[in-house]
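Heads up, the sequence shown is in the numbering used here, so the first residue is -1 and it goes up one at a time. Here is the structure we will look at.
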Amino acid sequence: MIIVKTIAALREALDSSSRIGVVPTMGNLHEGHLELVRAARAECDTVVMTIFVNPTQFEDAADLARYPRTLEHDLALAESTGVDIVFAPSAEEMYPEGFATTVRVDGAITEVLEGAVRGRAHFDGVATVVAKLLLAVLASVAYFGAKDAQQVVVVKRMVQDLGIPTRIAVVPTVRDGDGLALSSRNSRLTATERERALAVPRALSAIAQASETERDAASLRAIGDRILQDLEVEYLEIVDPDDLSTLTTVHAGALVVVAVRVGRTRLIDNVSIPARPSPPRSEP
Ligand code: AMP
């Protein structure tokens, strides 16, 4: 595995005739990230992982300072999962003095949910860094996790609008045995907080299950709200998966998205409303 810290060294290390897959991360790797690597490994000749805690997408300096940084551990995991090149730039490499460009995806998809809670600078930071990373690697495919559903919608819009020649592939959310979605932030939960956080996957499953017979979004949200009543809920919405507009009646593929705070830790998660099971066929 090759480790590079500058865009110039990255370009030199890349053989543009191979099919390149890129997995953008902020490090502190877990099985969720590794699943993205496995998806890339299965489809591409060269797998690049980027590890960069992007300061411009953090609206809260304390949150940025607290973000876990575990580069040595990450490099070992990346290597054993089949990453060929790790691009781990400094903030100065990504944003050299005089840097003056922001990629902004306008419209409702960046104003709602995470954009409403974290402010519009969050998705400006995400879109700008992802655009820079995709242009640095010029991969055929970039792999993102379904866990960050709004990020996927924003990145797809940005790639389409700018004509960046990289396909965006989405990998299903990896969960712990107890249902909690893996996240670098989980390591900050105390044992009691983690126990309380399990209400999140429970609420999502309860809504998905109830949607087999109940299609009214408000009634489904009420089911989730009851399960989440001991947590600080920032939002619990059922939205269209393409434009993130709020739905009043749900359909298969609609996204149930949730953000909560458990102590000092912020967690997000989502689930897709499943297709209705077909009614049992009556015997002749
Ligand atoms: P992060 O390092 O948190 O910015 O995440 C890097 C990538 O890993 C993003 O595309 C995330 O959506 C994805 N990811 C994070 N957690 C999970 C998970 N539990 N399952 C699948 N993908 C994930």
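Glycine included, each C-beta is placed from N, C-alpha and C at the ideal position. Note that this is a predicted model, so its numbers are computed, not measured.
The continuous alpha helix (DSSP H) containing S203 extends over residues 197 to 208. Under the three-state reduction of DSSP output, I236 falls in the strand class.
Proximity of the beta carbon of K3 to the ligand AMP is not indicated: no heavy atom of the ligand is located closer than 7 Å.
Per the Cβ contact rule, the region 153 to 171 is in contact with the region 132 to 141 (3 or more Cβ pairs under 8 Å). Under the three-state reduction of DSSP, S88 is assigned to coil, being neither helix nor strand. M156: member of the alpha helix (DSSP H) spanning 147 to 160, first to last residue.
Under the 10 Å beta carbon count, H71 is surrounded by fewer than 16 other beta carbons and is classified as exposed. When rounded, the separation of the alpha-carbon atoms in T99 and T126 is 8 Å. Cβ-Cβ distances below 7 Å link G123 to N52, T54, Q55 in the same chain, with the five nearest sequence neighbours on each side left out; the list follows chain order.
Between the C-alpha atoms of D61 and V260 there is a straight-line separation of about 14 Å. Shown here, T100 sits in coil according to DSSP, grouped into three states, outside any helix or strand. For E112, DSSP assigns no beta-bridge partner whatsoever. Residue burial is scored here from C-beta neighbours: P22 has at least 16 other C-beta atoms within 10 angstroms and is therefore classed as buried.
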